[in-house]
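Okay, so the sequence shown: first residue is 846 according to the numbering used here, each after it adds one.
First up is the structure itself, then whatever we jot down about it.
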Amino acid sequence: MTNPFNIAENTDAINRDKTIVRTSIIGIIANAFLAGFKAVIGILSNSIAITLDAVNNLSDAGSSLVTIIGTKLAGKQPDKKHPWGYGRIEYLSAMIIGIIVMYAGVTSLRESIIKIIHPEVPSYSTVSLIIVGSAVLVKILLGLFVQSTGKKVNSASLVNSGKDALMDSIISAATLVSAIIFVMTGFSPEAWLGAVISLMIIKAGIEMLSETVSSILGQRVEAETVKTVRQSIMSFPEVRGVYDMIFHDYGPDRLNCSAHIEVDDTMTADKIDKLQRDITAKVFMEHNIIITALSVYSVNTQDETAIKIRSEIYKTVTAIPHVIQVHGFYVDEAAKRIQFDVIFDFDAKDRCALYEQVVTKVKSLYPDYDILCVPDTDFSVSE
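Structural data, given as structure tokens:
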């Protein structure tokens, strides 16, 4: 999350945006040249496959332009209307790229079908084949460069553009093979090849859309992110456990997190306050993740009976199928109340019945206590 008061973070964000824009401009220039060469060759040789390949290069150039626009808009500072910034615009730009790719595929498929029904004989020259072969090499290098850069700066748009370029290199290679087959045998499979190419393009577009829509809907963060943030919080000796970690994604490198921590019931408010502030600062400095809320669970440490009850309930409840965690446990002897949170597996078919089973079992163990059991959700990777 961009913090206007953090100079180092702002510098990183500016450098990231510059890298994305610079890489996209390289993609636009390369694809524009390739599209021009292929269009001329395709028209002169009457080759539908090469012509479609040229159109695909134009769509790639358009994708790079969308990436630039999306990056610029996503870099806007937070305002009153959007206090979490505009980072998710990058996901929208990645989705637009997927739509562009799908449209190019559908258009290409239509033209290929027309050529299958009304075939035309192509005419290739040695020069045209050399240019197509060179284009294959250029697209491979361009694809690897763009995809690698996209992964380094965590840009879904660049990664999608890189994947598209690598797929184009395979398509161009197939077009070259088709041309060689025609020169050697007189048989031209390029209309059919054009159809296959189109289906590959459509498939790639669908996959891009699926990935970006998943990000917009809110998918679970990487297990490694959860693990490292949890380790940072657990590095404080006062913290007995970390639970209910919820991550909110407001764009690439814009993660917020809330969590519950368990601390001894003997800690005073001033010590808890200092602990929360220290944890927030550590997580931000180490992971560039903002802790938006850090709630506290109090753990019984002075009452041996409560400690024994906790151990027995943990053992009993976690033995129930589809129960993956029990936390936030506390025994209030004065009120004769046992309270805890329980997390169920997403595979549980009837969570209500499972909840009733948990409460019933605990109640049978401790009939003299009120049981306050809160069903929880496994938002992040469970322990």
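Using N, Cα and C, we set each Cβ at its ideal position, and we do this for glycine too.
Boundaries for ALA1164: no alpha helix (DSSP H) harbours it, and the DSSP string shows neither H nor E there. Here ALA939 is not near THR864, since their CB atoms are 8 angstroms or more apart. Residue state for THR1137 is assigned as strand, using DSSP reduced to three classes. Going by beta carbons, VAL991 and THR868 fall inside the 8 angstroms limit. Distance from the Cα of TYR1088 is smallest, within the candidate group ALA980, PHE1224, ASN1005 and ASP1115, for PHE1224. Closest option to TRP1037, judged by alpha-carbon separation, among GLY1086, SER957 and ASP924: SER957.
Taking a 10 Å sphere around the C-beta of ASP1192, we find fewer than 16 other C-beta atoms and assign the residue as exposed. Annotation: the continuous beta strand (DSSP E) that includes TYR1088 extends over 1086 to 1094.
Counting only the Cα atoms, ILE945 lies some 43 angstroms from ILE1078. Straight across, the Cα-Cα distance linking LYS1116 with GLU1067 is about 32 angstroms. The residue among MET947, LYS921 and TYR936 with its C-alpha nearest the C-alpha of GLN1064 is TYR936. Between VAL900 and ALA949, the CB-CB gap stays under 8 angstroms. Listed in chain order, the non-local C-beta contacts of GLN1184 below 6 angstroms within the same chain comprise TYR1175 and LEU1217, local neighbours out to five positions each way being set aside. Note that the C-beta distance between ILE886 and ILE895 is below 8 angstroms.
Scanning TYR1200, GLY872 and ARG933 for the CA closest to the CA of LEU1062 turns up ARG933.
Assignment of TYR1211 by DSSP, reduced to helix, strand and coil, places it in the coil class. In its chain, beyond the 5 residues on either side, ILE945, VAL946, TYR948 and ALA949 have a beta carbon closer than 8 angstroms to the beta carbon of SER904. Cα atoms of GLU1083 and GLN1076: separation of roughly 13 angstroms, rounded to the nearest angstrom.
Of the other Cβ atoms in all chains shown, fewer than 16 fall within 10 Å of the Cβ of ARG955; this residue is therefore exposed.
Rounded to whole angstroms, the gap between the alpha carbons of ASP898 and LYS883 is 7 angstroms.
The C-alpha of ILE959 lies about 23 angstroms from the C-alpha of GLY881. DSSP places HIS1132 in the uninterrupted alpha helix (DSSP H) bounded by 1114 to 1132. Around ARG1085, the same chain offers GLU1107 and VAL1144 as residues with beta carbons nearer than 6 angstroms, after the five sequence neighbours per side are excluded.
PHE1027: not part of any beta strand (DSSP E); member of the alpha helix (DSSP H) spanning 1001 to 1030, first to last residue.
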